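Counting from 2, one number per residue, gives the positions in the sequence shown under this note's numbering.
Beta carbons: idealized from backbone N, C-alpha and C, even for Gly.
On a predicted model such as this, the values are computed, not experimentally measured, just so you know.
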Amino acid sequence: MINTDSDWGLSIVVCCHNSAKRLPTTLEHLAQLELGEPWEVLIINNASTDDTAAVAQGFADRLPLRVVDEPEPGLTYARHRGLAESRFAILGFIDDDNHVPPHWAAAMLAIFKDQPQVAACGGPISEICEMTPPPWFEKFKGNYTIWAPHEQAQAVRHPLCGAGLGIRKTAWEKLRADGFESLLSDRKGAALSSGGDFELGYALLLAGWQLYYDPALHLRHFIPAGRLNWNYLCRLNEGFGRQSVVLDAYAAAVEGKPAPGWAASWLRGLWSLLRQLPAGLAKREGDSGLLLWLSQKGRLSELWQKRSSYRAMLARINSISAPAS
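1) Three-state secondary structure (DSSP) at M2?
2) Tell me the rounded alpha-carbon separation between N319 and A254.
3) Just verifying my parser: in three-state terms, what is the DSSP assignment at G93?
4) By alpha-carbon positions, which one of L291, Y214, W40 and S296 ends up nearest to V119?
5) DSSP puts H222 in a beta bridge; with which residues?
6) Report, in whole angstroms, the separation of the C-beta atoms of G93 and V14, which I expect to be a contact under 8 Å.
7) Answer yes if the segment 127-144 comes into contact with the segment 76-88, meaning at least three C-beta pairs across the two stretches below 8 Å, and no otherwise.
8) Span of the beta strand (DSSP E) holding S333?
9) At which residue ranges does the segment 35-109 contain complete beta strand (DSSP E) runs of 3 or more residues, listed in the order of the chain?
10) Mapping DSSP to helix, strand and coil, what is I318?
11) Going along the chain, which unbroken runs of the beta strand (DSSP E) with 3 or more residues stay wholly within the segment 157-185?
12) With burial defined as no fewer than 16 other Cβ atoms inside 10 Å of the residue's Cβ, what is the status of D96: buried or exposed?
13) Give me, in chain order, the residues of the same chain whose beta-carbon lies closer than 8 Å to that of G167; leave out the 5 immediate sequence neighbours on both sides.
14) Taking DSSP as the reference, what is the three-state secondary structure of I112?
15) Using a 10 Å radius around the Cβ and a threshold of 16 neighbouring Cβ atoms, would you call K170 buried or exposed?
16) Taking just the CA atoms, how far does L271 sit from P1?
17) Note the first and the last residue of the continuous alpha helix (DSSP H) segment covering Q244.
18) When the distance is taken between beta carbons, is W105 closer than 8 Å to L34?
19) Could you pull the DSSP bridge partners for I13 from this structure?
20) Can you tell me which of the three DSSP states G123 falls into?
21) Taking the continuous beta strand (DSSP E) assigned at Y214, which residues delimit it?
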């Protein structure tokens with residue numbers, strides 16, 4: 002059954018995996034929200050083995066909060082659980098390390114109320130680093146979901162980050178009712194797979210909805226010391242390469258262009274890998290060539306795994322379409 006926007010209000014969904022240490026500061030910021038409309042906070046306890054649920058319950062007297070268990074590990078499963086459990090027409094997704102300002106929720110609801118054609122919205126993300134970041138951080142901080150792609154509020158034809166992403170529930174439910182299932186698994190515990198948020202954005206664009214970027218939806222992303230190292234960034238980039246196989250096919254569909262076949266993609270990726278081989282062998286910290294080499298390595302690995310299903314993947318993506326006018 003498709004929900005209606007008559008269930009007006011905001012369900013803030015916080016997907017958590019072993020978040021006991023990070024969660025209190027995130028919830029402290031939510032407790033400062035200034036919102037005069039119905040809202041709730043859903044803590045999706047995703048296969049945690051620490052005290053995430055107990056820590057969240059400690060805020061039940063300050064927030065309209067519920068804790069919901071999702072035993073299947075993976076950010077995609079946690080998001081789907083949030084969709085199923087939410088009470089209101091708008092969902093706002095934040096991570097357990099995202100700090101939102103007091104106006105964030107009201108600004109998000111205003112966008113959806115004023116623009117019924119918008120299915121998803123998001124804004125810029127800045128960093129809070131637990132330690133002084135390495136010299137290369139400024140150059141590569143976009144890989145840590147730190148971005149501000151536009152100065153002005155506007156409709157966009159590119160996906161939005163999952164951190165701070167607002168979703169119109171009817172749009173997501175309609176997409177799923179029409180048969181959409183994510184091809185990307187997103188994060189699972191410590192595994193650095195990702196891309197489910199971008200895939201959803203592309204799917205909504207293909208289905209005829211608009212995406213909207215607004216600087217008013219700015220939030221801050223806490224980056225722990227354990228992620229501010231070169232090895233983590235290298236692993237992250239290899240994951241980016243893996244997800245690019247799917248996301249590049251979506252991007253081509255949104256642009257109305259045919260995606261290259263498997264053989265062409267493989268040969269192009271192999272040529273790029275060989276060109277960056279010196280950087281891959283040198284393994285110098287701070288070298289963008291090494292990151293590109295690792296990304297191509299991940300992409301080729303994923304292409305090889307999809308060699309027999311690649312054509313079916315393209316057909317599945319191209320089957321998503323806007324309703325006839």
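For this structure:
1) Note that M2 scores 34 on pLDDT, short of 50, meaning its location in the model is unreliable and no value can be drawn from it.
2) Those two C-alpha atoms are separated by around 6 Å.
3) Collapsing the DSSP output to three states places G93 in a strand.
4) The shortest C-alpha to C-alpha distance from V119 to any of L291, Y214, W40 and S296 is the one to Y214.
5) Note: H222 sits in a beta bridge opposite N99 and E128.
6) G93 to V14, Cβ: 7 Å. Contact.
7) With a cut-off of 8 Å, the segment 127-144 and the segment 76-88 do not count as touching, because too few Cβ pairs lie within range.
8) Here the chain covers residues 2 to 326 and nothing more, so residue 333 does not appear.
9) You should have 40-47, 66-71 and 91-96.
10) Three-state result, I318: helix.
11) Note on the segment 157-185: whole beta strand (DSSP E) runs with a minimum of 3 residues are 166-169, in chain order.
12) It counts as buried.
13) Correct list, in chain order: I91, L92, G93, F94, M109, I112, F113, A121, C122, G123 and L218.
14) DSSP, reduced to helix, strand and coil, places I112 within a helical segment of the structure shown.
15) Its Cβ being crowded by 16 or more others within 10 Å, K170 is buried.
16) What is shown of the chain runs 2 to 326, which leaves residue 1 out entirely.
17) Its alpha helix (DSSP H) spans residues W231 to V255.
18) Going by C-beta atoms, L34 is nearer than 8 Å to W105.
19) Beta-bridge pairing links I13 to V42 and G93.
20) In the displayed model, G123 falls within a strand according to three-state DSSP.
21) Per DSSP, the continuous beta strand (DSSP E) segment holding Y214 begins and ends at Q211 to Y214.
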